[in-house]
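Sequence lines, in order, name chains H, E, Z and U. Start counting the first sequence at 1; every next residue gets the next number (full-length UniProt numbering). Start counting the second sequence at 1; every next residue gets the next number (full-length UniProt numbering). Start counting the third sequence at 1; every next residue gets the next number (full-length UniProt numbering). Start counting the fourth sequence at 1; every next residue gets the next number (full-length UniProt numbering). Glycine residues also receive a C-beta, built at the ideal position from the N, C-alpha and C atoms. All values reported here derive from a predicted model rather than from experimental measurement.
4 protein chains.
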Amino acid sequence: MASMKSWVIENKDNGFDGLVYKDAQIPKVGDNEVLVKLQAASLNYRDLIIPKGKYPFATKFPVVPGSDGAGEVVEVGSKVTGLKKGDKVATLFNQGHQYGAIDLPAAGTGLGGVIDGSLRQYGVFAETGLVKSANNLSAIENSTLPCAALTSWNALYGLKPLKPGQVVLVQGTGGVSLFGLQFAKAAGAIVIATTSSAQKAEKLKKLGADHVINYKEDLNWGETAKKLTPEGAGVDHILEVGGSGTLTQSFKAIKFEGVISIIGFLGGVDPKTQPGVLDTLGHICTVRGVYVGSRALMQDMIRAIEANDIHPVVDEKVFSLDQAREAYEYMWGQNHFGKLAIKVN
Amino acid sequence: MASMKSWVIENKDNGFDGLVYKDAQIPKVGDNEVLVKLQAASLNYRDLIIPKGKYPFATKFPVVPGSDGAGEVVEVGSKVTGLKKGDKVATLFNQGHQYGAIDLPAAGTGLGGVIDGSLRQYGVFAETGLVKSANNLSAIENSTLPCAALTSWNALYGLKPLKPGQVVLVQGTGGVSLFGLQFAKAAGAIVIATTSSAQKAEKLKKLGADHVINYKEDLNWGETAKKLTPEGAGVDHILEVGGSGTLTQSFKAIKFEGVISIIGFLGGVDPKTQPGVLDTLGHICTVRGVYVGSRALMQDMIRAIEANDIHPVVDEKVFSLDQAREAYEYMWGQNHFGKLAIKVN
Amino acid sequence: MASMKSWVIENKDNGFDGLVYKDAQIPKVGDNEVLVKLQAASLNYRDLIIPKGKYPFATKFPVVPGSDGAGEVVEVGSKVTGLKKGDKVATLFNQGHQYGAIDLPAAGTGLGGVIDGSLRQYGVFAETGLVKSANNLSAIENSTLPCAALTSWNALYGLKPLKPGQVVLVQGTGGVSLFGLQFAKAAGAIVIATTSSAQKAEKLKKLGADHVINYKEDLNWGETAKKLTPEGAGVDHILEVGGSGTLTQSFKAIKFEGVISIIGFLGGVDPKTQPGVLDTLGHICTVRGVYVGSRALMQDMIRAIEANDIHPVVDEKVFSLDQAREAYEYMWGQNHFGKLAIKVN
Amino acid sequence: MASMKSWVIENKDNGFDGLVYKDAQIPKVGDNEVLVKLQAASLNYRDLIIPKGKYPFATKFPVVPGSDGAGEVVEVGSKVTGLKKGDKVATLFNQGHQYGAIDLPAAGTGLGGVIDGSLRQYGVFAETGLVKSANNLSAIENSTLPCAALTSWNALYGLKPLKPGQVVLVQGTGGVSLFGLQFAKAAGAIVIATTSSAQKAEKLKKLGADHVINYKEDLNWGETAKKLTPEGAGVDHILEVGGSGTLTQSFKAIKFEGVISIIGFLGGVDPKTQPGVLDTLGHICTVRGVYVGSRALMQDMIRAIEANDIHPVVDEKVFSLDQAREAYEYMWGQNHFGKLAIKVN
């Protein structure tokens, strides 16, 4: 069996120093499995905190890091029916989450946390753990879809599907927010984006944002956002990435029966200062925790990406596989705009 | 114009003493209005706290109290098309909430708080503020539907419609909870109910509860409830009436992608001890504030009540119109089981 | 009471000669009614066949013709809450169809057939029979929405809401088809259009059609359309305006579980040659008859039109109110492209 | 490798004589596969016409017949995660149809037609081709679920989910119809059933039918059914098994926006006498072809069967595996009531 290069997180006590680059065996394909030559990977905030031992969900060590990957099929098992050699694929984040609501077993199949991830030259995946990539995108672009894009899509389509003419609010310029902006515009919605800099505001407008609010200048931006909506009725969908500060404003901005999707925990929220769940009654709204999404949703999303030729926003700086640790440091330092990608092969 | 008897809340500073029983004019019908001879009314927790000045939503004084009523049409305006003299009707709680999501104007049309309510012999209502009553129910039974029953129905059908085989959890023996139990059983769901007494547990089982948990004996009842569900996956729909104590358990009981409907604030919750909205992410669930419901939902509900011959649970003690103040006292003392009703005419 | 000009169809036996232009009284507003100064009207195929006695649904004579209108509020009744003087409005086609499924009474409230329509200078309508117009459109543009646009929107959103990335097929260049094309593109869908001329094909492409098939050159266009869809899986939504010939091709083009919306009967179909309903089993698809749509859908649609600044395609030739009969003749001769409009005031 | 008994259809030209009973090898399990000791099978109309060469969908010969089966897991492949030895399972009809709309490849994976079916002592299936059986049912009862029950469930929940209080119409006493009756009653719906005999009418009432119409005595039963619905508005869901005669009546009975599910072709319909698809416009209704259903729907259905302790109606006469050909003859002669079952092991 041939060998390959692979990153491994040996344990969760050493931060990025725990990331080790070494030789490994290329795994064998089983009946329903597919060997993928990985071409690109992208990093998420989750990837950064796993080696720091701060990730609040299931992990297992040692593990190959990397939640997101894209590549090309080089071999298929004897009973694989939907993929063949040469197909371009992207990985599914929760390998076991096929459709509908996630269940407990599937919630323990996250790539790069429990199951070996994408920071290696080759990987074997169940056929059901892969989807055909978007045919309008490069491998690097496709590698940004499994976590960030799918979380955003799930927020917009997983509970109350977004309709043209509704209003979506996204916060900041992280991956999920930018995908949310792009998906919402492609779907005929109005988008309000928040940011802290005039420069980023320009980029958000170029991506199609109808309104951009500088949340440093307008501390009460939730009310401002509400006033920008048709008849001041409020925002239909909020992609909430922040924390207690943003949450308070999100409750001001939301429409009756609107949905606030909780998709992250970047803000390091003090549990005592975030709004309580009873506030959903006073605001007659819905709050939903969104944990990435199913393979079925990912296939729908890719269809939409192709039809609208949506291109993910990828940071100009792309790292090579052997530079993965530098990529982690770069992203940790918040030097990126959009998704941070690693060219694997 | 003939006169009638009517209760009025003159102001919000005098508690139940602020409830005054007096003579009033029977109002005239406009083109699209209907004169209803009210036959029954029922009380809600909301009705109790309005004269105490504790109701957190819009009010206007003086106002005829009574959120819920049922009666018979005695006269219709010249352009009324859907109702005629002799029709039995129930009142819609938010008179302006016709269908879909409630909007701001409609949220200010609650009977007995902003608009004159049901504790009077006659009332004029817009045709769109009435629905034909359930034809299998008495006027007293019909008078229990506008708030409690519709809130419960909205919780089960307003966002993610309940399906046969799913699990519903209801808390205690208040009106919303008992309707939730009855609706869920009629719809082929499994019902878990919580209560604090063996006697009430018996009644809950008679109403069809599949499992009853005594929350005083089992402080960790949320986990117990989860274990009772198929494959221990958790509860699909929780009707949350309580407060911070129950909320913590509800988060333990809920299934991934399940819905916790916030329908009350009985528990006098300390905002610092209730779960924060970010907990929806850790539990991958949805929390929704439910504010009664639309006329469209009420019509669907009545159809279901008729088809399944569901009879609301009404306390044995029924008061007459002139005894309304005693009824408030009786309910405040928590002497009732099920809905408390007042015979109006 | 002031007088105005109005068209009337005296009876259904005289074709366009039965259209009479005369003086009439401006009607009075009731409590819940609104007096509208009509500014524009647009014609539908339905309007043409009503005076010819060929319309298969309910009619009543004499009747003011005109299914579609737009104008400005000049007076409101004492109990109107949602509209005020100066508001721009469009008429709802089935005045009684407020939300959800249409019912039998509402199906008998079509403007210009049973209820007096838009070809007059002033009209009184129930508040619920009007919607605020799209604020990005002229009165003439708004007057094209009530029938054609809403039918199209209902087809796409009334049963299985269209999602970005899905495929929509529209036939020809009639009003419903062009709106379908515009709505689908705004919503991020792929659009396949059929037509019989290269010139019209160009116009369809300018409106955003991804693929245009000349059905005169490609008699088996249904299969061609299917091949153009992702993985050749077929079309998700077909707006079927035609008749037995097109239906046979639509069944070839449709995806499993796709929806063929039957929105017209232009083709003069021989019942013996159209596909039978059992063909839905062989093709595992759904066929739905679409009869315009509700006020709730119309409000959603207008929100989408505003958000995406969609402008209806209106024929270059616009008639004045006194020329209405010429407008009927012009449209009957199929000289138009897009909607044919009449400037009323 | 041990041997077993198995039926085989050698070709499609010999009718039931083409059914051959012989020895076969017990197949080996692959990585993601499961060896099932089949305990019961049940027959469908489809099974009868496959050996007669009359089945209009894909087949492949030789093939082990039997669309439906239930049994016990005796061995699992190394990568199976959701099933273990001893689990009770039922087979999925279209082995490849996991969730959502069926696609072309999945439509070619029907058991007993393309893929070897259930009339054998042992079978190997992909893990995804099995579901855990209903824990309240015997193997014989479970074996009736894969085609008939799931088709019925798909009709009621696959497009417009049935709600309590709606009206369902089922025709005759075939398997799909009886499941439809039972599911609808468990879900709180009103059920109208049609039959041709007083004796069967009694059985239908015992199963919960609210109304039974004898279609031989009441040729215009569609109108009768409509009158039986609340406010005469019509039936929400019709499970159409019949043919042109029943279809005409179904169109009379259906409610505006109601759904007629086409689930069979028993009536030997003359394509010229069935209603055309354009009739959906005149009746403002939807017609949907239903082809069994997905694994996701089957799991939902089993949850509902368990929660409501629904027991399939199985004909009193149960055959043994070696008598399978007699079972075919018995069913062909229409001697059965409910599902016809075969005890396999």
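On a Cα-Cα basis, can you pick out the residue from the options that is closest to residue i?
i, options, result
"Asp-236/U", "Tyr-328/U, Glu-202/U and Leu-169/U", "Leu-169/U"
"Gln-182/E", "Gly-188/U, Glu-75/U and Gln-25/U", "Gly-188/U"
"Glu-329/Z", "Phe-256/Z, Ile-9/Z, Phe-16/Z and Trp-153/Z", "Phe-16/Z"
"Asn-154/U", "Lys-185/Z, Ile-284/Z and Ser-133/Z", "Ile-284/Z"
"Asp-210/E", "Lys-185/E, Asn-220/E, Gly-232/E and Glu-217/E", "Lys-185/E"
"His-97/E", "Glu-316/E, Ala-24/E and Ala-296/E", "Ala-296/E"
"residue 349/U", "Ile-342/U, Met-331/U and Leu-178/U", "Nothing about residue 349/U can be read from this structure; chain U reaches only from 1 to 345."
"Lys-85/U", "Val-73/U, Leu-92/U, Ala-225/U and Gly-77/U", "Val-73/U"
"Val-114/U", "Leu-228/U, Val-64/U and Ser-143/U", "Val-64/U"
"Gly-258/U", "Asp-322/U, Gln-274/U, Arg-288/U and Thr-273/U", "Arg-288/U"
"Leu-340/H", "Arg-46/H, Ile-305/H and Asp-13/H", "Arg-46/H"
"Trp-221/U", "Leu-247/U, Lys-206/U and Leu-321/U", "Leu-247/U"
"Ser-138/Z", "Asp-309/Z, Ser-78/Z, Phe-337/Z and Ala-327/Z", "Asp-309/Z"
"Ser-56/H", "Gly-264/H, Gly-158/H, Ile-213/H and His-336/H", "Looking at the sequence shown, residue 56/H is not Ser but Pro. Looking at the Cα atoms, Gly-264/H is the closest of the given residues."
Could you name the residues that DSSP lists as bridge partners for residue i?
i, result
"Val-168/U", "Val-191/U and His-237/U"
"Asp-68/E", "Ser-42/E"
"Glu-217/U", "Looking at the DSSP assignment, Glu-217/U forms no beta bridge with any residue, so it has no partner."
"Arg-295/H", "None; Arg-295/H has no bridge partner."
"Ser-320/U", "Lys-343/U"
"Asp-260/E", "The sequence as given places Ile at residue 260/E; Asp does not occur at that position. The partner list for Ile-260/E (beta bridge, DSSP) reads Ile-238/E and Val-287/E."
"Ser-6/U", "Lys-22/U and Arg-120/U"
"Val-212/Z", "Ala-193/Z"
If we count the other Cβ atoms within 10 Å of its Cβ and call it buried at 16 or more, is residue i buried or exposed?
i, result
"Val-20/Z", "exposed"
"Asp-31/Z", "buried"
"Thr-194/Z", "buried"
"Glu-240/Z", "buried"
"Gly-333/U", "exposed"
"Glu-141/Z", "buried"
"Lys-216/E", "exposed"
"Ser-197/Z", "exposed"
"Leu-219/U", "exposed"
"Ser-3/Z", "exposed"
For residue i, which residues in chain H fall below 8 Å Cβ to Cβ?
i, result
"Glu-306/Z", "Gly-165 and Pro-230"
Using a C-beta to C-beta distance shorter than 7 Å, which residues of chain H count as neighbours of residue i?
i, result
"Arg-288/E", "Thr-280 and Thr-286"
For a contact meaning CB atoms closer than 9 Å, what does residue i contact in chain E?
i, result
"Pro-105/Z", "Thr-81 and Gly-82"
Along chain E, in chain order, which residues have C-beta atoms closer than 8 Å to that of residue i?
i, result
"Val-277/H", "Leu-247, Ile-260, Ile-262, Gln-274, Pro-275, Gly-276, Val-277, Asp-279, Thr-280 and Val-287"
Against residue i, what residues of chain U qualify as contacts under a CB-to-CB distance less than 7 Å, listed in chain order?
i, result
"Gly-100/H", "Tyr-99 and Ala-296"
In chain A, what lies closer than 8 Å to residue i by C-beta?
i, result
"Tyr-157/Z", "The structure shown contains no chain A; its protein chains are H, E, Z and U."
List, in order along the chain, the chain Z residues whose C-beta lies closer than 8 Å to that of residue i?
i, result
"Ile-190/H", "Ala-307"
"residue 348/U", "Because residue 348/U is not part of the residues shown, which for chain U are 1 to 345, the question remains open."
"His-283/U", "Gly-289"
Applying a beta-carbon distance threshold of less than 8 Å, which residues of chain U neighbour residue i?
i, result
"Asp-300/E", "Lys-163 and Gly-165"
Whose Cβ in chain Z lies nearer than 9 Å to the Cβ of residue i?
i, result
"Phe-179/U", "The contacting residues do not exist; Phe-179/U stays about 18 Å from chain Z at best."
Can you find a heavy atom of the ligand COA that lies under 6 Å from the Cβ of residue i?
i, result
"Asn-14/Z", "Among the ligands in the structure shown, none appear at all, so the ligand COA cannot be discussed."
Residues of the stretch 51 to 84 of chain H whose Cβ lies closer than 9 Å to any Cβ of chain U, in chain order: Gly-77, Ser-78, Lys-79, Thr-81 and Gly-82
Could you list the residues in the stretch 11 to 39 of chain E with a C-beta less than 7 Å from some C-beta on chain Z, going in chain order? Gly-30, Asp-31 and Asn-32
According to a CB-to-CB cut-off of less than 7 Å, which residues of the stretch 203 to 232 of chain E neighbour chain H? none
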